[in-house]
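2 protein chains.
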Amino acid sequence: MLTKDDWRTIRSCLLLRSMEEEDLLALIDERMVLSLERGEQLFGQDDPARALFLILEGRMKLSRLDADGGEAVVHIFAKAETFAEAAMFLDKKYPMSAVAVTPARVLAIASTALRARIAAKPDVAFAMLASMSSHLKALVNQIETMTLLTGEERIIRFLIDLIGNRSGAVTLTLPYEKTLIAKRLGMRPETFSRSLARLRVIGVEIKGATVAVTDVQSLRDRHR
Amino acid sequence: MLTKDDWRTIRSCLLLRSMEEEDLLALIDERMVLSLERGEQLFGQDDPARALFLILEGRMKLSRLDADGGEAVVHIFAKAETFAEAAMFLDKKYPMSAVAVTPARVLAIASTALRARIAAKPDVAFAMLASMSSHLKALVNQIETMTLLTGEERIIRFLIDLIGNRSGAVTLTLPYEKTLIAKRLGMRPETFSRSLARLRVIGVEIKGATVAVTDVQSLRDRHR
DNA sequence: CGCCCATTTGAGAGTAATCAAGTTTTGTGG
DNA sequence: CCACAAAACTTGATTACTCTCAAATGGGCG
C-alpha cells in the first residue's frame, strides 16, 4: 500500500522526481512495498540483483562483509533515497548486503522495468546517471574522510553534518545507534565512545542519543 | 592525431566498445587529444566539467586535496580507462583533480556531445551506466579495503592484483612510484617502505621498482 | 526482577604517523 | 660521460592513534 506520504517521498527522490507520470506508473507497483523489521536483511552480498530500492520509511545499512566476520559499513541510506542502482548494469549481483537498521518500508523497483524505461526515454537515463553520480560523489567523500581525518575529526564532521545550518546552541538526536555510527565512520565502538567523551571539553554534551552542542562555532573551528 | 593503436584502445574501453561506428565518430574528434607531461594537471578540483576523458597512453591520478595540503588519492587510471564521467550529471564541476603521473595522452570527450548521444541512443546510456557502475564498485572496494585491512595487508592485496593469475615464482615491475602507491593505499611513504621491507620474510624481494616473489602461494595464503 | 544489549571505561599492545637523517636514484647541464 | 642537484626512497627514534581484550555500567523490555 502506498500512502499519500509515500507518494510525496517518491516525488522527492533524485532518481524519480524528474520522471513523468506515465513512467512512474510503469515502474511502481503497490505490491512491491516491503516491510522490514530492524535487523532484517533485504539482500545479501552476491545475491542476484533484480531490483533497486527506494526507502519509504526507516534506514538501511549497506555494508560489505569479509571472510572473518569483519564489516565495512559503506553507507547508511535514509528516507527518500534510492540504493543498489549500480548492480543492474554489471554483474547483476549486489556487491554488498543491505540490512534494515530501523523498522523500514522500501519500494522495490524492478530492474527490467527500469531498463525498459531507460531504453524508451532518455530522461530516465539522465535521472539514473545523476543518481549514480551522487552516490559516486558520496563515496569519494568517504574515502577522503577516512584517509585524511582522524577518528575524532570524522566525528566532528558527522556532527556538523547533522547540525546543518543551525547556529549557536544546538540540541540534536543521533540518527541511529552509536555502534553503528562508529562503524559507519570506520572505527570501533570503543574508540567512538572515547572520542565523543573527549569532545566534552569543546562543549559537546552527550546523554544517551541526545547531543547538546554549546556553541556550534567552536565545533566548526575545530573542523577542517 | 589518433593512431591505429589509439583506435584499438578506444574500442577496448568499457564505455565505448559497445558503441556503433556513427556514435563513436560523433563523439571523437582528433583535435581533442591532449598530451600531458608527468606532473601536469588536466583539471583541478572544482573546475567546470566540460568533458570526460579516455586515457590513450600513460596514467592519471585522481585525488582530493584538503585545505592544509593533505592529499587523498582516490584512484589511478590506466590506458583504456575513462574517468570523470560523473561530474557532467550533477554539479558540472569536477569533484577532484586529475594529474598525469607519467607522460600521458588523453582523449577528451565533450559532455555536450555525449549527452546528445545518450539522448538519441539508449545503448549509449547503458554503456555509460555500466561504466559508472564499475567505478562505483571500485570505490566500494577501496572503502572496504581501507576499513578492514592493515597497511601490510593492503600492500599484499595490491601485489596479488599485479600478479594476476600467474603462479610460482614471479617477477614484476611496480607500475608507478612507491610514494604514489603508498598514497593510493592510504598510507605514508615511510610506512609503505617499511611494510614492504617486512615482506622479505615471506619471499618478496624488492630492488628498485622490481619485485620478485619467490612463491606466489605464500602471498595468497597471507591474504584475506 | 532479571536478562540482553548497547555503551562506557581501563589497561595494554599494535599500527601508523611524524620528525629527522641518511642513501639511492634520476634527470640535467656542462 | 660526469658532476651535481633534486627527488625518491630508506631507516631510525619517537609520538599519536586506534584496536583488542576485559570488565563494569546502564537501560529497556518481557
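Top line first, the protein sequences correspond to chains A and B. Residues in the first sequence are numbered consecutively from 1, following our numbering. Residues in the second sequence are numbered consecutively from 1001, following our numbering. Using N, Cα and C, we set each Cβ at its ideal position, and we do this for glycine too.
How many whole angstroms separate the CB atoms of Ile109 (chain A) and Leu148 (chain A), which I take to be in contact at a CB cut-off of 8 Å?
Rounded, the Cβ-Cβ distance is 36 Å, inconsistent with contact.
Along the chain, where does the beta strand (DSSP E) containing Gln1045 (chain B) start, and where does it finish?
For Gln1045 (chain B), there is no enclosing beta strand (DSSP E), as DSSP gives it neither H nor E.
To which residues of the same chain is Arg1011 (chain B) closer than 8 Å at the C-beta, ignoring the five residues directly before and after it?
Residues of the same chain with a CB within less than 8 Å of the CB of Arg1011 (chain B), apart from the 5 flanking positions on each side, are Arg1017 in chain order.
Give me the chain B residues within the contact set of Val74 (chain A), using Cβ-Cβ distance strictly less than 7 Å, ordered along the chain.
Val1140 and Ile1143
Comparing alpha-carbon positions, which option in A:Ser195, A:Tyr94, A:Pro48 and A:Ala26 lies nearest Leu65 (chain A)?
Ranking A:Ser195, A:Tyr94, A:Pro48 and A:Ala26 by Cα distance to Leu65 (chain A) puts A:Tyr94 first.
How should Gly1058 (chain B) be labelled, buried or exposed, when 16 other C-beta atoms within 10 angstroms of its C-beta is the threshold for buried?
buried
Jot down the residue ranges of each uninterrupted beta strand (DSSP E) in the segment 1082–1149 of chain B, minimum 3 residues, whole runs only, in chain order.
Annotation: the segment 1082–1149 of chain B contains the following complete segments of the beta strand (DSSP E) (minimum length 3 residues), in chain order: 1097–1100 and 1104–1110.
State yes or no: is the beta carbon of Ala130 (chain A) nearer than 7 Å to at least one beta carbon in chain B?
yes
If we define contact as Cβ-Cβ less than 7 Å, is Leu1090 (chain B) a contact residue for chain A?
yes
Quick one: give me the first and last residue of the alpha helix (DSSP H) that Thr214 (chain A) is part of.
First-last for Thr214 (chain A): undefined, no H or E at that position.
Got a sec, what are the start and stop residues for the alpha helix (DSSP H) Glu1190 (chain B) sits in?
Pro1189 to Arg1198
For a contact meaning CB atoms closer than 9 Å, what does Met230 (chain A) contact in chain B?
Nothing can be reported for residue 230 (chain A): it is not among the residues displayed for chain A, which extend from 1 to 224.
Across the segment 166–177 of chain A and the segment 204–223 of chain A, are there enough close Cβ pairs to call them in contact, namely three or more that are closer than 8 Å?
The count of Cβ pairs closer than 8 Å, one atom from the segment 166–177 of chain A and one from the segment 204–223 of chain A, reaches three, so the stretches are in contact.
For the segment 130–142 of chain A against the segment 1132–1146 of chain B, do three or more pairs of beta-carbon atoms, one drawn from each stretch, fall closer than 8 Å, so that the two count as touching?
Contact between the segment 130–142 of chain A and the segment 1132–1146 of chain B is present, because at least three Cβ pairs lie under 8 Å.
With 16 other CB atoms within 10 Å as the buried threshold, where does Arg1198 (chain B) fall?
exposed
Between which two residues does the alpha helix (DSSP H) harbouring Ala72 (chain A) extend?
Note, Ala72 (chain A): premise wrong, no alpha helix (DSSP H); beta strand (DSSP E) at Glu71 to Phe77.
Quick one: residues in its chain with C-beta nearer than 7 Å to the C-beta of Asp5 (chain A), no 5 flanking neighbours on either side, listed in chain order?
none
Just the chain B side, please: which residues come within less than 9 Å of Ala125 (chain A) by C-beta, in chain order?
Ordered by position in chain B, the residues that pass the 9 Å Cβ test against Ala125 (chain A) are Ile1118, Ala1119, Pro1122, Val1124, Ala1125, Phe1126, Met1128 and Leu1129.
Roughly how many whole angstroms lie between the Cα atoms of Ser195 (chain A) and Ala67 (chain A)?
29 Å
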